[in-house]
Amino acid sequence: MSEHEPLVLVADDDEDIQSLVAFRLERAGYRVVTASDGELALSLALEQSPDLAVLDVMMPRLDGYEVTRRLRQHEATKSMPVILLTARAQEADVERGFEAGADDYIRKPFSPQELRARVQAILGRR
Amino acid sequence: MLDLFGWVSVGLAGATGLFVAVLVARRIWLMRDERSRAESEERLRPFALALLDGEPAPALSTRDAEVFASIVARYSAHIRGEAEREIGRFFEESGAVESSLAALRDRRAWRRAEAAYALGDMASTQAIPPLLRALSDSSRDVRGAAARSLGRLGADAAVEPLVRALAHEEVPRSVAGQALLELGDATLPALRVLATDEDAGLRETAVELLGILGSPADEPILVQRLRDSSAEVRARATRALGRLAAAKSADAVRTALEDRIPFVRAAAARAIGEIGDRGSAGALLELAEDGSHDAAQAAARALARVDARILQEADRRRSGPHVAEFADRVAAGL
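Top to bottom, those sequences are chains A and B.
Under the working numbering, the first residue of the first sequence carries the number 1108, and numbering increases by one thereafter.
Under the working numbering, the first residue of the second sequence carries the number 213, and numbering increases by one thereafter.
Printed below as a string of structure tokens:
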């Protein structure tokens, strides 16, 4: 895969979901880097400056909201698009995600096709 | 020469040694089996992911086919859409759906329960009608497994039977509740109808679920239930409005502070606290003097949330111990 392909950070502590998202995005032509907790996701994001992050909301060490909030505080990642994966889609949770700085959210269980389409739509806009 | 006691001791020592050896061998076998399974999963996972993408399943040995099926079944919990339909097709074509449907008719309850559970991970719509029938099985385990699987399969047709099963405690509350949560918004049309059913138990459950799954659009139905003939329904309607933080319905909830049943008054006070309606502060202060301990305490607690100033300025001797308690808590910053 070419170095010029967009890099996507996928962070989820559930190995099945992480592999599912990573597989689908790799097949769509993206480079993917994975993390299984919030702290690792944050350090990978700061280190590698991916073009987009797909973050699970409920992760150990740092949750998806907090990772998003911290990404917004760093110059290198403050405009990085973030999609939150959430098992809860109550209005308040979605609002909380947007307040933290997320660009979009996807409710679990999700359609892998829809996830790919959302990633493409966000990266296509940039 | 060994006497009888000696021979018995030797025999027991031998038996113990043999038993320990069997245990160790079994442990080693289990560890190897676990490791081999983990390796198979690692090797087969890309094929399972490719299957979700529409590629055919590979030809596999019996052992690998079993591992492969378990990976695919696990993914069914996380996905929707075309990938989910691919999983359904895989289990239908492999014959797993058919054999589980046959097991659902087995005379042994544990086999029926096992089959009902497995069908929930196969993403096949063929399983929905038999699972709906299994909700009336004579075994509680089978009913519970069927409820869980219907939620997993996103079976809209299961909403009403699940609410009935929940209301009449035919399945464990947590299982039916989880299944309905998985069905999410699809439950709302049925819940709105069931909220006015003639069976009070069904109304209670429907109203409670509307508070969890519903939206501000459900406020009018819940407000209507504040005048229900069943006190339990009225209490659940106030709780639901509180959960939805239904500010537009605050006036209606305030009337429930005067309900003749104490636990409804207590529920209304809690709901007012969640809504944060300052207009109810006077009514809450009055309720804080109520003869019912729960209602009075709930009112004082709610008052601390909606208007702490009134609470602190109230005449402690006249307003009673609950107002004093919560005024002290506010003053202490608790």
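By construction, the Cβ of each residue, glycine as well, lies at the ideal position given by its N, Cα and C atoms.
**Prompt:** Relative to the alpha-carbon of B/E304, which residue among B/I283, B/G293, B/A335, B/A508 has its alpha-carbon at the smallest distance?
**Reply:** B/A335
**Item:** 7 Å Cβ cutoff, A/F1130 in contact with chain B
**Value:** yes
**Item:** At least 3 beta-carbon pairs within less than 8 Å: the region 298-314 of chain B vs the region 270-290 of chain B
**Value:** yes
**Within chain B, the residues that A/F1217 reaches when beta carbons sit closer than 7 Å** = I291, R292
**Prompt:** Nearest CA to the CA of A/R1179: which residue from A/Y1137, A/L1192, A/A1152?
**Reply:** A/A1152
**Prompt:** How long is the line joining the alpha carbons of B/V279 and B/P341, rounded to whole angstroms?
**Reply:** 28 Å
**Request:** Buried or exposed for B/E246, please, with buried defined as at least 16 other CB atoms from any protein chain shown within 10 angstroms of its CB.
**Result:** exposed
**Message:** Can you find the residues in the same chain that come closer than 6 Å, C-beta to C-beta, to B/D205, ignoring five residues on each side of it along the sequence?
**Reply:** Given a span of 213 to 546 for chain B in the structure shown, any question on residue 205 of chain B remains unanswerable.
**Asked** Mind checking if B/A370 is an interface residue toward chain A, Cβ cutoff 7 Å exclusive?
**Response** no
**Request:** Decide if the region 353-367 of chain B is in contact with the region 318-338 of chain B; the criterion is three or more beta carbon pairs, one per stretch, under 8 Å apart.
**Result:** yes
**Contact check, B/A418 vs B/L406, beta carbons under 7 Å** = yes
**Prompt:** Is there at least one Cβ from chain B nearer than 7 Å to A/D1200's Cβ?
**Reply:** no
**Message:** Can you find the residues in the same chain that come closer than 8 Å, C-beta to C-beta, to B/E294, ignoring five residues on each side of it along the sequence?
**Reply:** G266
**Message:** Assuming the contact rule is C-beta atoms closer than 8 Å, B/L374 and B/L362 should be a hit. Round their C-beta distance to whole Å, please.
**Reply:** 7 Å
**Asked** When burial is assigned at 16 or more other CB atoms within 10 Å of the CB, is B/M243 buried or exposed?
**Response** exposed
**Prompt:** Skipping 5 residues on each side, what residues in its chain have a beta carbon closer than 6 Å to that of A/M1166?
**Reply:** D1120, D1144, G1145
**Request:** Measure the alpha-carbon distance for B/A511 versus B/R319 and round it to whole angstroms.
**Result:** 55 Å
**Request:** For the region 293-312 of chain B, enumerate the residues whose C-beta is nearer than 7 Å to any C-beta of chain A, in chain order.
**Result:** G293, E294, A295
**chain B contact for A/I1124 (CB, 7 Å cutoff)** = yes
**Item:** Selected residue, minimal CA-CA separation from B/A493, among B/S427, B/I424, B/A481, B/F217
**Value:** B/A481
**Request:** Measure the Cβ-Cβ separation of B/A507 and B/L497 and say whether it is below 7 Å.
**Result:** no
**Request:** Check the DSSP bridge columns for A/A1142 and list the partner residues they point to.
**Result:** A/A1118
**Below-7 Å beta-carbon distance, B/L392 vs any chain A residue** = no
**Prompt:** Can you tell which of A/E1182, A/H1111, A/R1168, A/A1129 has the C-alpha that lies nearest to the C-alpha of A/A1160?
**Reply:** A/A1129
**Candidates B/G423, B/S441, B/D368: closest to B/E568 by CA position** = What the structure shows of chain B is the stretch from 213 to 546, and residue 568 of chain B is not part of that stretch, so it cannot be assessed.
**Message:** At the 7 Å Cβ level, is B/L261 part of the contact set with chain A, yes or no?
**Reply:** yes
**Request:** Answer with yes or no whether the minimum CB distance from B/R528 to chain A is below 7 Å.
**Result:** no
**Message:** Helix, strand or coil for A/A1160? Go by DSSP, reduced to three states.
**Reply:** strand
**Message:** Using beta carbons (cut-off 7 Å, strictly below), is A/Q1220 in contact with chain B?
**Reply:** yes
**Item:** Residues, ordered as in the chain, of the region 1162-1189 of chain A that lie near chain B by beta-carbon distance below 9 Å
**Value:** none
**Request:** Output, in chain order, the set of chain B residues within a Cβ distance shorter than 8 Å of A/R1134.
**Result:** D265
**Other residues of its chain near B/G218: CB distance less than 8 Å, five sequence neighbours each side excluded** = none
**Message:** So, for B/E416: in the same chain, excluding its five sequence neighbours on each side, which residues have a beta-carbon less than 8 Å away from its beta-carbon?
**Reply:** A379, S442, E444, V445, R448
**Prompt:** What does A/L1127 reach in chain B if we use C-beta pairs closer than 8 Å?
**Reply:** L261, L264, Y287, H290, I291
**Of the listed residues B/I522, B/E410, B/V465, nearest to B/E431 (C-alpha basis)** = B/V465
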